[in-house]
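Residue numbers (our numbering): 2 to 413.
The next block holds one structure in the form of structure tokens; read it before the comments.
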Amino acid sequence: MIKKMRCKFICIAMACVGAIFLLNLLVINISMNISNQREAAAILERVIREDGRMIPEHGDQPESLKENKDPQGRKRIARISGIKRTFAVKMDQNGEILTIIDNGSSSLTEDEISELAKQIGSGPKTEGMIRNHRYQTEKTPYGTIIAFLDCSREQSNMNRLMVICLTAGAVGIILLFVLVLRFSAWAVKPVEEGFRRQKQFIADAGHELKTPLAVISSNTSVLEGIYGKSQWTGYIGEEVERMGRLINDMLRLAMMERPEVKMEKQSFDFSKMATRILLSYESMAYEQMKEFGYLVDPDITYHGNQDALSQMLHIFVDNAFKYSGAGGKVEITVKKERRGLSIEVYNTGSSIANNAKDQVFERFYREETSHSRETDGYGLGLSIAKEIIDRHHGKVEVKSDETTYASFIIHL
Numbered sequence: 002m003i004k005k006m007r008c009k010f011i012c013i014a015m016a017c018v019g020a021i022f023l024l025n026l027l028v029i030n031i032s033m034n035i036s037n038q039r040e041a042a043a044i045l046e047r048v049i050r051e052d053g054r055m056i057p058e059h060g061d062q063p064e065s066l067k068e069n070k071d072p073q074g075r076k077r078i079a080r081i082s083g084i085k086r087t088f089a090v091k092m093d094q095n096g097e098i099l100t101i102i103d104n105g106s107s108s109l110t111e112d113e114i115s116e117l118a119k120q121i122g123s124g125p126k127t128e129g130m131i132r133n134h135r136y137q138t139e140k141t142p143y144g145t146i147i148a149f150l151d152c153s154r155e156q157s158n159m160n161r162l163m164v165i166c167l168t169a170g171a172v173g174i175i176l177l178f179v180l181v182l183r184f185s186a187w188a189v190k191p192v193e194e195g196f197r198r199q200k201q202f203i204a205d206a207g208h209e210l211k212t213p214l215a216v217i218s219s220n221t222s223v224l225e226g227i228y229g230k231s232q233w234t235g236y237i238g239e240e241v242e243r244m245g246r247l248i249n250d251m252l253r254l255a256m257m258e259r260p261e262v263k264m265e266k267q268s269f270d271f272s273k274m275a276t277r278i279l280l281s282y283e284s285m286a287y288e289q290m291k292e293f294g295y296l297v298d299p300d301i302t303y304h305g306n307q308d309a310l311s312q313m314l315h316i317f318v319d320n321a322f323k324y325s326g327a328g329g330k331v332e333i334t335v336k337k338e339r340r341g342l343s344i345e346v347y348n349t350g351s352s353i354a355n356n357a358k359d360q361v362f363e364r365f366y367r368e369e370t371s372h373s374r375e376t377d378g379y380g381l382g383l384s385i386a387k388e389i390i391d392r393h394h395g396k397v398e399v400k401s402d403e404t405t406y407a408s409f410i411i412h413l
């Protein structure tokens, strides 16, 4: 349980960090795209305003730029010195190309530029991206002018930034995972200590209760020997027996939950063991007038603790008989699988609510139904069975329609 809690803590922490990282990456990507689009739009507007003429980085500037007294405007013009990566195409009213204005820095030939211009001119868009070039169109007295900006540099910078962010993020997540892994042990330590004390208390209390129960049982036997058996001594004996079973279950569960206690495993014939156990329930089914059937695949060899798995099967079958009701039906199926085996324990007459499917394996859990109150037990059996399954690295699932049946499917 502590290991699962620690894994859940690590998963939640890493999921939160990963979500924050992806959100930051998305914000950076969107902000960079918006910034690039704004700068590109400013450049293209400038080119269109200059009627396609280039703004040189050196030498004489156009009169309109010389007359620009705005310092912020000059800073902006300086920032968008990528104007040399622009070219423009003038088209007449019929869509025929009049002029291609290029400063000689374009990586495209005149034929390629003409093809792009005609493709844009025949479309409905006035701005957009085409072959790593951002374009913008505007109607003029002579027809249309299309300004182009080569954005391959920006695309390359964006890709480089993305690689850097992903690399830095991956390294950061790995380092954070190491820190969270170490921190998780400290975070769950109080819970682990609480569980350890609880288990120790259960073990100590169980051993302490065994002595008075033995005294009560022996004194009851003495009284029955002197005065004979009576209804009252019978009640005492039944309660002593029930308390004894409870104490044994508590001690067994506490021992199995101790990680230092290793479960000895060996290969054995699971089919033979299961058949022997299920045969013993035929007389019970006959006495209780219940329909009982089982199917066990032959020659199933399994590597595990035979005593523990035998107890697990007993618990599930006992549970099925308890909750199948009068005239109910119990079916057990043991199948050989490619990796391991599966056991299905099915019974009619009693169902499990959807919100209780995970709770049935909790200690001392008993569903609040009239049938469960009539059934003997303390709600420890399925907890012990689940612990045995976990010790064998297996899984168990619960199926029920909430009205007529319940089914436990164990995969080992």
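C-beta: ideal position from N, C-alpha, C; glycine also.
Note that the coordinates shown come from a computational prediction; the quantities given were computed from them, not determined experimentally.
| query | Can you tell me the Cα-Cα spacing of Q156 and R197, whole angstroms? | reply | 58 Å
| Does the pairing of the region 283-301 with the region 237-257 give three or more beta-carbon distances under 8 Å? | no
| request: Note down the Cα distance separating R183 from C166, rounded to an integer number of angstroms. | output: 25 Å
| task | Specify the secondary structure class of D151 as computed by DSSP and reduced to three states. | result | strand
| What is the DSSP secondary structure of Y282, reduced to helix, strand or coil? | coil
| request: Measure the C-alpha to C-alpha separation of G122 and Q94 and round it to an integer number of angstroms. | output: 10 Å
| Distance, Cα to Cα, S311 vs F269? | 12 Å
| query | Relative to the alpha-carbon of A386, which residue among C8, N34, N356, M313 has its alpha-carbon at the smallest distance? | reply | M313
| field | Inter-residue Cα distance where the pair is V164 and L27 | value | 13 Å
| Nearest-angstrom Cα separation, counted from F22 out to V172 | 12 Å
| Sequence-distant residues of the same chain with beta carbon closer than 6 Å to K400, five excluded per side | S408
| T234 versus R243, G245, S222, G124, residue with shortest Cα-Cα distance | S222
| message | If I follow the unbroken alpha helix (DSSP H) through R339, where does it start and stop? | response | First-last for R339: undefined, no H or E at that position.
| said: By the three-class DSSP mapping on this structure, what secondary structure does I333 have? | reply: strand
| query | For V189, which three-state DSSP category applies? | reply | coil
| Would DSSP call A171 helix, strand or coil? | helix
| Given that a residue counts as buried once 16 or more other Cβ atoms are within 10 Å of its Cβ, and exposed if not, what is E209? | exposed
| field | Start and end residues, alpha helix (DSSP H) containing M15 | value | 3-50
| said: Within a Cβ cutoff of 6 Å, which residues of the same chain sit near M6, ignoring the five residues on either side of it in sequence? | reply: V189
| query | Taking the Cβ atom as the reference point for each residue, do G53 and I146 lie within a distance shorter than 9 Å? | reply | yes
| Is the Cβ-Cβ distance between L99 and F149 less than 9 Å? | no
| Three-state secondary structure assigned by DSSP to Y347 | strand
| Which first and last residues belong to the beta strand (DSSP E) in which R135 is found? | 134-141
| request: Answer with buried or exposed for C152, where buried requires no fewer than 16 other C-beta atoms within 10 angstroms of its C-beta. | output: buried
| query | Three-state secondary structure (DSSP) at T127? | reply | coil
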